[in-house]
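Remarks on the structure that follows.
Protein chains: 2
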Amino acid sequence: MLSIGDLSRRTGVKVPTIRYYEQMGLLPPEGRTEGNQRRYGHAGLERLAFIRHARDLGLPIEAIRELTALDGSDCAKAHPIAKRHLSDIRRRIEALRGLEAELARIAAACDGSEGACRTLAAFGDHDRCESSHGRS
Amino acid sequence: MLSIGDLSRRTGVKVPTIRYYEQMGLLPPEGRTEGNQRRYGHAGLERLAFIRHARDLGLPIEAIRELTALDGSDCAKAHPIAKRHLSDIRRRIEALRGLEAELARIAAACDGSEGACRTLAAFGDHDRCESSHGRS
DNA sequence: CCTAATTCCTCTAGCGGCTAGAGGTTCAAG
DNA sequence: CTTGAACCTCTAGCCGCTAGAGGAATTAGG
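First to last, the sequence lines map onto chains W and P.
Position one of the first sequence corresponds to residue 1 (the working numbering), numbered consecutively onward.
Position one of the second sequence corresponds to residue 1001 (the working numbering), numbered consecutively onward.
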């Protein structure tokens, strides 16, 4: 049986975060000691890895709750969650690419040693950027 | 003179958000009416556009405060802020690209009509992903 | 077996960047 | 002058944690 600290060390997830996941209904402990301390087994370890991985992928807690509520074989439900999130990620990448281009333009605006600064002006200037970012 | 609502309509920034920016020290109103309502001029409009643009670019409030504190010509200080943020954006794009690849793999895991679901398994499986994402 | 150090417990509050609502005042049009 | 829209301040909530207080349990060493 693993203590919450053991679980933390093995997964790299901080102790308060593990308790937070439990509070969110993602990771109930296998049991408690007489003194009320959480104990986890192998299943808990795997489940936390699952949660952590999904979080790293950017899935919100809510989506993870949906996934973990599935009994482990209900693909028809799991698949659209993954797909939805994939298109979400792609949208974010596109947005960031636009920002990257523009920030590069801004950062370049004063690389030389010209007279007046144009970096600040570039920050305020939305007209020059092709991509219509933001305002979401 | 523009009311806060006028400013909101012209920039697309919501009224409470404008008040929030003021609270954060980014956008002091030009003045107030006798009845204590905020009034803005052209400068306020430009400043809000600047703030909004910088926010769209992902700059944190703190960085924007640094920028707006510059008197408008201190490029030596503005430039590193832009550069720092550019590398930040690039890092985020790289991370997202890794996640995209992995989510695509996950979403593909059960596209067919095979027997067992692998989408869920793929969510929990960190070993198969080349990119070492997350854990930051 | 006892002590001391470490880990654990719960609870509350804070972060950033807003957003929403209550409850009251001021403004502008008719 | 009346109405209704827009304004004011203040407080609380969102997400996903993170940090700290104050106290109880566990574990290692003597």
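Each residue gets a CB set at the ideal place from its N, CA and C atoms; glycine is no exception.
Item                                                                                                                            : Value
Members of the stretch 82–101 of chain W that neighbour chain P once the beta carbon cut-off is set at 7 Å                      : Ala82, Lys83, His85, Leu86, Ile89, Arg90, Arg92, Ile93, Leu96, Arg97, Leu99 and Glu100
Near-chain P residues of the stretch 23–44 of chain W (beta-carbon distance less than 8 Å), N- to C-terminal order              : none
DSSP three-state assignment for serine 1113(P), whether helix, strand or coil                                                   : Reliability fails at serine 1113(P), whose pLDDT of 49 lies under 50, so the model's placement of it is uncertain and no value is given.
Where glycine 98(W) sits in the DSSP three-state scheme                                                                         : helix
Per-residue DSSP class, three states only, for leucine 1057(P)                                                                  : coil
Three CB pairs or more closer than 8 Å across the stretch 80–90 of chain W and the stretch 44–64 of chain W                     : yes
Own chain, CB closer than 7 Å to glycine 1154(P), minus 5 neighbours either side, in chain order                                : Residue 1154(P) falls outside the range modelled here, since chain P spans only 1001 to 1136, and no answer is possible.
Of the residues Asp1088(P), Ala1104(P) and Arg1019(P), the one placed nearest alanine 1063(P), counting alpha carbons only      : Asp1088(P)
CB of arginine 1047(P) within 8 Å of CB of leucine 1027(P), strictly                                                            : yes
Leucine 1057(P) at chain W interface by Cβ criterion, 8 Å                                                                       : yes
Below-8 Å beta-carbon distance, valine 15(W) vs any chain P residue                                                             : no
Given arginine 137(W) as reference, the closest of Ala76(W), Pro29(W), Ile18(W) and Ile106(W) once Cα atoms are compared        : Not covered by the structure: residue 137(W). The range shown for chain W is 1 to 136.
Residues of its chain near tyrosine 21(W), where Cβ-Cβ distance is below 7 Å and the 5 sequence neighbours each way are ignored : Leu27 and Ile51
Where leucine 27(W) sits in the DSSP three-state scheme                                                                         : coil
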